[in-house]
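These protein sequence lines map, in sequence, to chains A and B. Each step along the first sequence adds one to the number in the working numbering, with nothing skipped, and position 16 is 16. Take any residue in the second sequence, note its place counting from 1, add 1000, and you have its number in the working numbering. The beta-carbon is built from N, C-alpha and C at its ideal position, and this holds for glycine as well. Because the structure is a prediction, the values reported are computed rather than measured. Data first, discussion second: the structure below is written as structure tokens.
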Amino acid sequence: MNLAIELHPPGKGSQRVSVGGRLDTHTFEDLDEALAPLLNRRLHSLVLDLSGLEYISSAGIRSIFKARKTLAPHGGKVLLVNPQPQIQKVLDMVKAVPLNEIFSSTAEADAYLDAMQRKVLDAAEGDAD
Amino acid sequence: MQMRLFIPREHARVDDLNASLEAVLANNGVSRAIQGDVRLIVEELAGNAIEHGDLARVGAEEHELCVDIGIREHVLTLEFRESGAPFNPLEQPPPDLDADILDRATGGLGLHLVRQVAEQAHYQRVGNYNVLRLTLRIPTEEDDA
């Protein structure tokens, strides 16, 4: 099985992408290509829904690192949702994701993003006072 | 169960090799989790040999990667054999996993994963060949096979 990539309708500065199948030497370039135009849009968050991902290797991890590095200069984050046991194990073995950037459901990730957004707005209002 | 597979040094063939191994492992009742571990080891090691192997030193007749796989009782054994310059994957420096996540070097992750997943690993230089022997324990409960 190959890689399945589904781009969801973009939200405000946020983009959700479902990734299924296998993310490895043979498929990582497909993901890099699909993400490239999104990463140009100064997203504050890229949410990768990994529910359907069955396998990841170091090549796939490098793709996630690349996305994170592209978003970081303007404060954007890559959040991972619902990694399956093999994926979680591999991510853990190379400490690929900080614990606060990994979520068990998209609802949980959305709640986190809302909270972040509120913090930004509060800070902006504080500045205005 | 014991079998030997040869493949040309090409990324696309590594996928074929993994497809064959997966079928063999499934037929032998090996769980999906262990199948995933084997796939990871094979992809990382073969990929490494293909990308870093010194082709100038590889004779045409030795151009292939060879993988032996064996299952005995509750132990799965994988042996990789490739010709080329001496290279011990077990002695490569580990990646700095505690460096700032944005400054992390992305090299060395694959071999690190191999060392983590394998229960035991042993490297030997045999003539012109790098031989790496790995073992994994197969859990007795096949509840997710």
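Cutoff 8 Å; reference residue i; Cβ partners in own chain excluding five residues on either side
i: residue 1114 (chain B); result: 1040, 1041, 1044, 1045, 1089, 1121, 1134
i: residue 1075 (chain B); result: 1135, 1136, 1137, 1138
Same chain only: Cβ atoms within 6 Å of residue i, ignoring 5 sequence neighbours per side
i: residue 1025 (chain B); result: 1035
i: residue 1160 (chain B); result: This structure cannot speak to residue 1160 (chain B), because chain B is shown only from 1001 to 1145.
i: residue 63 (chain A); result: 28, 31, 32
i: residue 130 (chain A); result: Chain A is shown only over 1 to 129; residue 130 (chain A) falls outside these bounds and no answer can be derived.
i: residue 145 (chain A); result: Chain A is shown from 1 up to 129; residue 145 (chain A) falls before or after that span and cannot be answered.
Inter-residue Cα distance where the pair is residue i and residue j
i: residue 22 (chain A); j: residue 54 (chain A); result: 6 Å
i: residue 1110 (chain B); j: residue 58 (chain A); result: 5 Å
i: residue 1083 (chain B); j: residue 117 (chain A); result: 56 Å
i: residue 1125 (chain B); j: residue 1132 (chain B); result: 9 Å
i: residue 25 (chain A); j: residue 60 (chain A); result: 7 Å
i: residue 44 (chain A); j: residue 1023 (chain B); result: 43 Å
i: residue 1008 (chain B); j: residue 110 (chain A); result: 46 Å
i: residue 1092 (chain B); j: residue 42 (chain A); result: 37 Å
i: residue 1096 (chain B); j: residue 123 (chain A); result: 35 Å
i: residue 1108 (chain B); j: residue 71 (chain A); result: 23 Å
i: residue 1018 (chain B); j: residue 1051 (chain B); result: 18 Å
i: residue 1130 (chain B); j: residue 1087 (chain B); result: 7 Å
i: residue 1112 (chain B); j: residue 1067 (chain B); result: 20 Å
i: residue 113 (chain A); j: residue 1047 (chain B); result: 37 Å
i: residue 163 (chain A); j: residue 1127 (chain B); result: Outside the shown range of chain A (1 to 129) lies residue 163 (chain A), about which nothing can therefore be said.
i: residue 56 (chain A); j: residue 90 (chain A); result: 7 Å
Exposure of residue i, with buried meaning 16 or more beta-carbon neighbours within 10 Å
i: residue 2 (chain A); result: exposed
i: residue 74 (chain A); result: exposed
i: residue 1006 (chain B); result: exposed
i: residue 100 (chain A); result: exposed
Listed by chain order, chain B residues near residue i by CB distance under 9 Å
i: residue 68 (chain A); result: 1101, 1102
Amino acids of chain A, ordered along the chain, whose beta-carbon sits closer than 7 Å to that of residue i
i: residue 1043 (chain B); result: 24, 25, 57
i: residue 1132 (chain B); result: Chain A residues near residue 1132 (chain B): none, gap ~17 Å exceeds 7 Å.
i: residue 1047 (chain B); result: 25
i: residue 1137 (chain B); result: Within chain A, no residue comes near residue 1137 (chain B); the closest Cβ sits about 15 Å away, beyond 7 Å.
i: residue 1097 (chain B); result: 94, 95
i: residue 1106 (chain B); result: 62, 65
Contacting residues, own chain, Cβ-Cβ under 7 Å from residue i (five flanking each side not counted)
i: residue 104 (chain A); result: 82
i: residue 1003 (chain B); result: 1024, 1069
i: residue 5 (chain A); result: 17, 19, 30, 31, 34
Proximal residues of chain A, C-beta to C-beta of residue i below 8 Å
i: residue 1109 (chain B); result: 58, 61, 62, 94
i: residue 1116 (chain B); result: 93
i: residue 1113 (chain B); result: 57, 58, 90, 93, 94
Residue i: contacting residues in chain A (beta-carbon distance under 9 Å)
i: residue 1063 (chain B); result: The premise fails here: residue 1063 (chain B) is roughly 19 Å from chain A at the closest Cβ pair, so nothing lies under 9 Å.
Under 9 Å by beta carbon: chain D residues contacting residue i
i: residue 1011 (chain B); result: Absent from the structure: chain D. Protein chains present are A and B.
- [ ] Select from the region 72-87 of chain A all residues with a C-beta closer than 8 Å to any C-beta belonging to chain B, and list them in chain order.
- [x] Correct list: 72, 85, 86.
Task: Selection of the region 1013-1027 of chain B by Cβ proximity to chain A, strictly under 8 Å - done: Listed by position along the chain: 1014, 1015.
Task: Residues of the region 27-48 of chain A whose Cβ lies closer than 9 Å to any Cβ of chain B, in chain order - done: Here the close residues number zero.
TODO: Taking only beta carbons into account, state which residues of the region 92-117 of chain A come closer than 7 Å to chain B, listed in chain order.
DONE: Listed by position along the chain: 93, 94, 95, 98.
Task: Positions along the region 1027-1040 of chain B whose CB lies within less than 7 Å of some CB in chain A - done: Across the region 1027-1040 of chain B, CB contacts with chain A closer than 7 Å involve 1033, 1036, 1039, 1040, in sequence order along the chain.
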